[in-house]
Amino acid sequence: MMGLFGKPTIGREIRRRDVTLLLHSTHLYKNLPSILEDGTLHTVRTLRVRHGVEKAVRFLHDPRRYEQFAVGLDYLNASLSFPNTQLLYGRSKTDWKAEWVHLALDLELLDHPDTLFCPVSAAAEFGKYVTRGLDGFRALFADEVHGQMREGLPKNVPTHPQAEVLLRGPLPITSVPAIFVPTADVAREIERLGSRHSLSIRIETTPQLFVWPKWLVGK
């Protein structure tokens, strides 16, 4: 249906919901150094081509997950507005806040025709809920998603805490305007790594992105 100001688009929905962050979380020690060195955010498939199937496993946090849905090998997962803290907590061996950083990705990627959306984990029921386009984006913010209710959530946060955006990769490091880190010490370490490869990416110390969000407390 045509709106008062033109055809509805993902771009209009992004602005209407005040979405300003598209985040890909990566491991500080396991993945980030190779991303900065290669200048590329690799998919599972390109990691396997580059390193071989067996060696690529060391870069993957849950190798079996990527086989559980059709596009898993060729896409990078991301979250909207806030990191997937439940996932990061589950994949961390010690303190998740000390192990991860969040790469801010260009919001324009949300409107790319290859971009996919899933209102729950993309691996749920072998990718059954993965979709695309404006309807797929809107589904992230449905009133109810698998028992999770929208009431009380910020308007830019998806209804389900495991909701995903899937971006066709690999992506160049130029798609990353900023890296969000938990402490000044981590920021200095990334600046040191980036200087080796003549990279100029904005690094922001944002401890608020490394805490359990208040809307998930008690859930």
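In this text, residue positions in the sequence shown follow the numbering used here: the first is 1488, and each later residue adds one.
The beta-carbon is built from N, C-alpha and C at its ideal position, and this holds for glycine as well.
Among residues of its own chain, excluding the 5 on either side of residue i, which ones have a beta-carbon nearer than 7 Å to its beta-carbon?
i     : result
T1530 : L1560, D1561, Y1562, L1563, G1656, P1657
H1633 : V1607, H1647
V1663 : L1590, A1591, L1592, I1688
G1681 : L1523, I1688
May I ask you to list the residues that DSSP assigns as paired with residue i?
i     : result
I1666 : L1590, I1690
Y1562 : R1655
S1707 : The structure shown does not extend to residue 1707, since the chain spans only 1488 to 1706, so no value can be given for it.
E1631 : M1636
R1619 : L1603
R1527 : Contrary to the premise, residue 1527 reads as Thr rather than Arg in this sequence. Per DSSP, P1659.
L1567 : L1509
By the 10 Å Cβ neighbour count, where 16 or more other Cβ atoms means buried, how is residue i classified, buried or exposed?
i     : result
V1668 : buried
M1488 : Note on M1488: pLDDT 48, under 50, position unreliable in the model; the coordinate value appears next. Under this definition M1488 is an exposed residue.
H1647 : buried
F1613 : exposed
V1536 : exposed
T1661 : exposed
E1595 : exposed
So the candidates are the options; which of them puts its Cα closest to the Cα of residue i?
i     : options                    : result
H1589 : P1694, K1701, W1702, L1703 : P1694
P1700 : S1662, G1639, V1673        : G1639
T1670 : I1688, G1620, T1692, L1680 : T1692
Y1616 : P1600, L1653, L1596        : L1653
L1696 : D1672, E1676, L1567        : L1567
L1703 : R1679, P1645, P1659, L1597 : P1645
R1503 : F1628, A1665, P1659        : F1628
V1698 : L1515, R1499, Q1573, L1510 : Q1573
L1510 : L1534, A1565, I1690, D1672 : A1565
Between the alpha carbons of residue i and residue j, how many angstroms are there, rounded?
i     : j     : result
S1685 : N1518 : 18 Å
Q1649 : S1608 : 5 Å
T1527 : K1494 : 35 Å
D1443 : R1532 : There is no way to answer for residue 1443, as the model of the chain reaches only from 1488 to 1706.
F1624 : F1604 : 6 Å
P1570 : L1508 : 9 Å
G1539 : A1611 : 27 Å
P1600 : I1501 : 15 Å
R1683 : A1674 : 15 Å
D1672 : L1534 : 29 Å
Might you give, ordered along the chain, the residues of its own chain that have their beta carbon closer than 6 Å to the beta carbon of residue i, omitting 5 neighbours on each side?
i     : result
D1505 : N1643
D1630 : R1637
Q1635 : T1646, H1647
Cutting at 8 Å between CB atoms, please list the residues of its own chain near residue i, excluding the five before and the five after it.
i     : result
T1618 : L1603, F1604, C1605, A1626
P1520 : L1680
I1497 : L1597, D1598, G1620, L1621, F1624
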